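Some notes on the structure that comes next.
What follows is the structure, encoded as structure tokens:
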């Protein structure tokens with residue numbers, strides 16, 4: 004069932020989809036790929052993502068499921084939706100991995116509590132899928148200001164300890180390097196899959212989606228930039244989660260709270276949990292369109308179970324998550340994740356009579 | 054008339070849908086038999102000319118003066134009772150329902166009708182205990198719905214005020230009064246409430262609006278309908294486009310739709326200076342967050358995330374806890390349990406004895422527990438602070454609901470530390486985000502976000518700067 008969201012909720016969904024990854028893990032990759040100018044890596048992907056979002060949301064009035072069935076007919080349309088669902092599911096696996104990675108790297112856990120925590124994360128994803136996109140959007144709208152505020156406070160509090168010699172860029176050559184393109188892939192994939200949300204009037208989404216994207220990209224660039232300025236290029240390169248490192252090493256809040264990272268990490272954990280819910284809801288929605296007769300609770304349970312099992316296959320080592328990202332996501336999941344929505348959106352529409360006759 | 058419940062109850066004695074016979078004596082005898090000839094049933098006969106009148110009523114529910122003035126006097130003078138509230142009775146079911154509602158049923162001369170002679174126990178509208186104010190009116194609702202409607206009308210002299218009476222099908226059918234201001238209350242909200250009342254079928258006995266509230270929102274821990282006993286609050290809410298539901302015999306009125314932030318706004322916010330009211334609203338919001346998270350935060354800090362605390366504080370807590378035999382999580386559970394028991398004991402015993410129980414529990418048990426090394430002093434301080442914070446929430450149901458939510462939060466924080474606290478808080482947020490109160494998001498104006506409504510919810514703006522009508526369901530006055 005389609006729901007009606009406000010522009011603010013769409014912005015929050017978009018930002019919360021991309022922000023946990025973009026403030027936690029991507030800055031490290033960007034700094035490794037481009038050194039002190041890593042923060043610039045976000046410019047090209049943002050432009051590309053904005054262009055794709057423009058193309059996708061300026062035209063259609065329908066959701067991607069409706070588009071697929073209308074333009075390709077019931078059989079091919081459903082096959083495409085199943086393929087897309089598989090690709091988003093693969094991404095879901097990596098998000099579960101990210102969740103585990105965050106928990107492992109920021110808290111000292113034994114294997115059993117860590118597995119339990121991931122189990123709770125998966126359970127939350129199932130609950131979010133059951134409650135639907137509206138509840139997730141409302142939670143995201145509550146969470147986003149807190150996440151933004153905490154990250155900005157960390158950056159703001161750390162900057163006085165920074166070395167401003169690293170503040171200015173030295174060049175743009177690295178932006179065309181192969182490794183720097185890793186970032187655009189992640190960004191683009193997370194951009195296009197939002198078209199799978201079962202929301203009314205996707206046409207009105209363009210500006211909220213672009214705002215959400217810009218917000219996440221801005222936070223990503225700011226995190227990478229401040230990490231280099233505060234930690235120095237060498238230390239920032241070795242940091243797995245730079246903003247966490249900044250909060251841990253530089254800011255001593257004193258008084259009641261000793262270290263500020265303890266406030267940042269819960270926000271990121273909750274943000275990643277919302278992201279899990281967003282991805283699993285998307286998969287469930289695609290599957291529901293492809294297999295309309297299947298009960299929704301079965302589908303959502305299936306999505307989460309398969310996603311969790313696959314994640315556990317690569318879990319709990321962070322190396323496993325990285326391996327999943329490099330060997331599963333980039334070669335197999337991302338190309339269809341980017342190509343299929345574009346194909347569905349831009350495929351020429353059949354004549355009305357034919358479409359009416361064949362539409363399911 | 055709530056005839057269905059009565060009809061079900063007497064189906065084994067007479068056919069409730071059967072028409073009353075022409076013979077008044079026969080009809081009266083059948084009705085008396087169906088009621089089981091109770092000692093308070095008065096069945097008298099009055100010969101007036103050629104007509105023999107049989108008058109049935111329950112002494113325990115009727116007013117003898119009204120019977121004398123509205124029924125006996127007119128009949129003895131050869132006139133029909135000229136009350137505007139009389140109505141024809143056609144079947145046994147209607148007659149029995151009327152008698153059970155406290156009306157007098159008159160049978161005779163091929164006629165049958167009832168006259169409203171109900172004796173309504175009343176009391177003076179005193180200030181409700183749970184909603185006392187320092188400034189402002191000190192009136193509260195009573196158990197009489199007519200009197201309550203009068204109290205609302207005294208606060209709200211508006212021709213657009215609409216009062217609808219609907220019957221809710223329960224074990225004993227009850228009449229629910231739906232009150233709103235036409236043109237201000239959204240038609241959809243009114244329609245949803247009306248439908249909710251009319252379509253409800255329950256075998257529960259509904260004796261108070263709290264039961265009604267449970268019927269509309271059975272699974273939610275926090276209240277989806279705001280209950281109040283203050284006429285001024287109801288009047289303010291009606292002017293904001295909200296609806297009120299009232300029940301005969303209950304002094305509590307339900308307001309819908311209700312959002313979370315409205316539960317943090319007592320009515321005396323509007324009897325204080327805007328600056329004072331805004332400050333107190335901020336304090337209450339912080340208190341709400343503390344009441345849910347403080348104990349869990351302490352559990353996480355004392356068990357897993359010790360780095361959260363600065364070294365001197367951590368050392369101080371460790372020293373205080375060194376003789377305590379329990380882990381921090383068990384300790385805080387013990388303390389929270391003691392607080393809940395003391396509070397429950399204080400509520401169950403009357404007046405001064407309740408205060409004694411509270412003092413005994415708080416001072417003697419608390420101090421003794423610390424002195425004997427069962428519980429550490431920091432735990433007592435933080436648990437008590439969390440409890441006091443929950444008392445700062447003006448709505449009692451919300452206060453208890455949020456206190457319940459902190460127990461699972463303590464458990465998950467004890468196992469996973471801050472990560473657990475984050476996920477637990479997110480789950481609570483998700484639960485609240487999934488709730489709608491008659492079409493309005495429970496978390497509005499936070500989500501969907503409305504800057505104007507948000508400012509008006511968090512701050513109490515000066516009255517001159519407030520528009521005449523607030524957005525429906527987003528502010529309370």
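Residue numbers (the numbering used here), protein chains in the order written: chain A, 4 to 363; chain B, 54 to 530.
All C-beta atoms in this analysis are idealised placements derived from N, C-alpha and C, irrespective of residue type, glycine included.
Here the structure is a predicted model, which is why all the values come from computation and not from measurement.
*With 8 Å set as the bound, which would you pick, yes or no: does the beta-carbon of residue 69 of chain B sit closer than that to a beta-carbon of chain A?*
no
*Within chain A, the residues that residue 350 of chain B reaches when beta carbons sit closer than 9 Å*: Neighbours of residue 350 of chain B on chain A: none; closest Cβ ~10 Å, over 9 Å.
*With a threshold of 16 other CB atoms inside 10 Å of the CB of residue 169 of chain A, please say whether the residue is buried or exposed.*
buried
*What separation, rounded to the nearest whole angstrom, lies between the Cα atoms of residue 267 of chain B and residue 101 of chain B?*
51 Å
*Return the CA-CA distance between residue 344 of chain A and residue 29 of chain A, expressed in angstroms with no decimal places.*
Spanning the alpha carbons of residue 344 of chain A and residue 29 of chain A requires a straight line of approximately 24 Å.
*If you compare alpha carbons, which of B:177, B:381, B:432, B:196 is closest to residue 262 of chain B?*
That would be B:196, whose Cα lies nearest to the Cα of residue 262 of chain B.
*Consider the Cβ of residue 177 of chain B: report whether some Cβ of chain A lies at a distance smaller than 8 Å.*
no
*asked:* Only counting the same chain, and skipping five residues up and downstream in sequence, which positions put a Cβ closer than 7 Å to that of residue 317 of chain B?
replied: Cβ within range, chain order: 334, 337, 338, 341, 446, 447.
*Are the beta-carbon atoms of residue 20 of chain A and residue 189 of chain A separated by less than 8 Å?*
Between residue 20 of chain A and residue 189 of chain A, the C-beta spacing is not below 8 Å.
_Classify residue 390 of chain B: buried if its beta carbon has 16 or more other beta carbons within 10 angstroms, exposed otherwise._
exposed
*By Cβ distance below 7 Å, which residues in the same chain neighbour residue 113 of chain B in space, the five residues on each side in sequence not counted?*
93
*Might you give, ordered along the chain, the residues of its own chain that have their beta carbon closer than 6 Å to the beta carbon of residue 460 of chain B, omitting 5 neighbours on each side?*
none
*Closer than 9 Å, Cβ to Cβ, to anything on chain B: give me those residues from the stretch 275–296 of chain A, in chain order.*
Answer set for the stretch 275–296 of chain A: 276, 277, 280.
*Are residue 157 of chain B and residue 88 of chain B closer than 8 Å when you measure CB to CB?*
no
*residue 355 of chain B vs residue 381 of chain B beta-carbon contact at 8 Å*: yes
*When the distance is taken between beta carbons, is residue 235 of chain B closer than 8 Å to residue 215 of chain B?*
yes
_Relative to the C-alpha of residue 252 of chain A, which candidate in A:83, A:157, A:75, A:134 has its C-alpha closest?_
A:157
_Residues from the stretch 401–417 of chain B in contact with chain A, defined by Cβ distance under 8 Å_ = none
*asked:* Using 8 Å as the threshold, is the C-beta distance between residue 346 of chain B and residue 231 of chain B below it?
replied: no
_Is it the case that the stretch 277–294 of chain A contacts the stretch 84–101 of chain A, given that we only count it when at least three CB pairs across the two stretches are under 8 Å?_
yes
*Cα-Cα separation between residue 328 of chain B and residue 504 of chain B, rounded to whole angstroms*: 19 Å
*Buried or exposed: which applies to residue 392 of chain B, given that a residue is buried once 16 or more other Cβ atoms fall within 10 Å of its Cβ?*
buried
*Does any residue of chain A bring its CB to less than 8 Å from the CB of residue 325 of chain B?*
no
*Rounded Cβ spacing between residue 94 of chain A and residue 336 of chain A (contact assumed at less than 8 Å)*: Your pair residue 94 of chain A and residue 336 of chain A checks out as a contact, with CB atoms roughly 6 Å apart and the cut at 8 Å.
*From the beta carbon of residue 482 of chain B, is the nearest beta carbon of chain A less than 8 Å away?*
yes
*asked:* Assuming contact is defined by CB atoms lying nearer than 8 Å, are residue 189 of chain B and residue 285 of chain B in contact in what I supplied?
replied: yes
_Considering only the alpha carbon of each residue, which of B:331, B:273, B:496 lies closest to residue 516 of chain B?_
B:331
*Tell me, please, whether the stretch 286–303 of chain A touches the stretch 493–501 of chain B by the rule of three or more beta-carbon pairs shorter than 8 Å.*
Segments in contact, no.
*Quick one: list the residues of chain B neighbouring residue 269 of chain A, beta-carbon separation under 8 Å, in chain order.*
471, 472, 474, 475, 478
*At what residue ranges does the stretch 383–469 of chain B contain a whole run of the alpha helix (DSSP H), taking only runs of 4 or more?*
404–412, 419–424, 430–444, 449–469
*Using 8 Å as the limit for Cβ to Cβ distance, is residue 531 of chain B near chain A?*
In this structure chain B extends from 54 to 530, so residue 531 of chain B is not present and cannot be described.
*asked:* Just to confirm my understanding: we take residue 311 of chain A, look at its own chain, exclude 5 residues before and 5 after, and list those with CB closer than 7 Å. What are they?
replied: Annotation for residue 311 of chain A: 99, 125 place their beta carbon closer than 7 Å to its own, counting only its chain and skipping 5 residues before and after.
*Are the beta-carbon atoms belonging to residue 352 of chain B and residue 310 of chain B less than 8 Å from one another?*
no
*asked:* Out of B:451, B:420, B:394, which one is the CA nearest neighbour of residue 319 of chain B?
replied: Closest by alpha carbon: B:451.
*Quick one: does residue 214 of chain A have its CB under 8 Å from some CB of chain B?*
So no, residue 214 of chain A is outside the interface.
*Using a Cβ-Cβ distance under 8 Å, would residue 144 of chain A count as near chain B?*
yes
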